[in-house]
Amino acid sequence: MAKKVTMEFIAQKLGITKNTVSLALRNMPGVSEKTRNEILQMAEKYGYEYKKPANKNSYSKTESICLMLSNNIRNSVGFFSFIQYGIESEAKRNNLNTILCYFDNDEDFVPPVCIKDGIVSGIVTLGPISKKTVTSILELNLPVVIIDDFFDDIKASYILTDNLSGGYLATEYLIKSGHREIGFLGNIFAAPSFCDRYMGYLKAMSLYRIPVNHSYSVLDKSIAFIFDECPEQAVNEIKKIPKLPTAFFCCNDSEAIHLYKIFSMMGISVPEDVSIIGFDDIESSKDVSPELTTMHIYKEAMGERAVKKLIERINGEKLLEEKILLPTVLVERQSVKRL
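Numbering (the numbering used here), first residue to last: 1 to 339.
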């Protein structure tokens, strides 16, 4: 009898994770088109068919949690979908259903039906969330865990990446590669994680006694967002920098990948002319040329840890509210030149 083809088999054949295979087969964001096509071709070649889980029309309070996602991340690629996968996988391991609901930070928060009807035991939020929205959610008096966003003045349970240390390590890598003229690219006001990564950049520059030239950095706008609206305007933003540094630390991989595109339009070569390091290690960071050096985030683990924390609170364990920081790891590729 032929051996049953599994997602693990496809992952092993392609040298990727099972999670990536699952996301591709479920047609979820987070996987590059190149990788998605390779997975689908491999599945077809070996006769693998993805079977969707049976729909459940009813949920009991003891077996359901609500995953609340910001509308801002509906179409995001390569980050939040892996965290969502970790949440759903850990919930399933604990016999919990996951009910997905979306919220809009620009509108007054209205509890979804699953909360109004009392059929969920706890809430996990994922993605950027406003203080007004998180306050309304906490007022529901259900166990809550917040992923990838936080407020210094709101006591709650948070699951975060250690962005400050990650920012330090990324900058230190550039310094140890011989760079002294280093800029930071990204809107540090857009997310606490970006601000912390910038703080890590400043910490490394300070401890290595390297003067910070603020003219190298763009801190109040997203080059990626500008590029998507108007590539020429994004090029002009970079041209405003009086003298390009030898290296850029970008607030995330999306910003870094868009900087590749801008430099291509400007005739600037990576890393021969300017080195680039990103943050997040999304799937598309390997699809650019040269492949992007970046900081890896344990995305699935963030989701898994959030569910474990939520279960503790659902079970009534009297624990302190915590800000749990997961580490980052440098992924060295080809976008940084050693001087």
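Beta carbons are placed, not taken as given, at the ideal position from N, Cα and C, and that holds for glycine. Because the structure is a prediction, the values reported are computed rather than measured.
Would you check if the distance between the CB atom of residue i and the CB atom of residue j is smaller than 8 Å?
i    : j    : result
A156 : E49  : no
D287 : K34  : yes
L185 : S206 : no
F150 : K323 : yes
P111 : L140 : yes
A256 : G86  : no
How big is the Cα-Cα spacing for residue i and residue j?
i    : j    : result
S136 : P327 : 30 Å
T161 : V329 : 11 Å
K299 : Q84  : 9 Å
S58  : I115 : The pLDDT assigned to S58 is 39, lower than 50, so where the model puts this residue is not dependable, and the model offers no usable value.
D280 : T294 : 7 Å
E63  : T20  : 27 Å
T17  : L292 : 19 Å
E107 : E332 : 42 Å
G166 : R197 : 7 Å
I238 : S130 : 30 Å
L339 : Y168 : 20 Å
L219 : I182 : 13 Å
D104 : E90  : 26 Å
P242 : N236 : 12 Å
I210 : K337 : 19 Å
I10  : I119 : 37 Å
L40  : L69  : 27 Å
K4   : N97  : 27 Å
G178 : L202 : 17 Å
F109 : Q12  : 44 Å
R180 : P143 : 47 Å
V307 : A24  : 23 Å
Please classify residue i: is it buried, with 16 or more other beta-carbons within 10 angstroms of its beta-carbon, or exposed?
i    : result
E88  : buried
F189 : exposed
I154 : exposed
H258 : buried
C250 : buried
N163 : buried
T6   : exposed
E272 : exposed
C230 : exposed
T303 : The question names Thr, but residue 303 is Gly in the sequence shown. Under this definition G303 is a buried residue.
R26  : exposed
V265 : Note that residue 265 corresponds to Met in the displayed sequence, not to Val. So M265 counts as exposed.
S193 : buried
H214 : exposed
G316 : exposed
Could you round the C-beta distance between residue i and residue j to whole angstroms and report it? I think they count as a contact, below 8 Å.
i    : j    : result
G200 : T171 : 7 Å
S121 : I159 : Actually they do not touch by this definition, with Cβ atoms about 18 Å apart.
I147 : T133 : At roughly 14 Å, the Cβ-Cβ gap does not stay under 8 Å, so I147 and T133 are not in contact.
Excluding the 5 residues preceding and the 5 following residue i in the sequence, name in chain order all residues of the same chain whose CB lies nearer than 6 Å to its CB.
i    : result
A234 : I223, I226, F227, I262
V212 : M205
Near residue i, what residues of its chain come up, given a Cβ to Cβ distance below 7 Å and the 5 sequence neighbours on each side ignored?
i    : result
V270 : Y260, F263, I276, P290, S335
I311 : N94
H296 : D281, T328, V329, V331
Enumerate in chain order the residues of its own chain whose CB-to-CB distance from residue i is below 8 Å, with the five nearest sequence positions on each side excluded.
i    : result
V274 : L244, P245, T246, A247, F248, F263, I268
L319 : E312, R313
N72  : N105, G127, P128
E38  : L14
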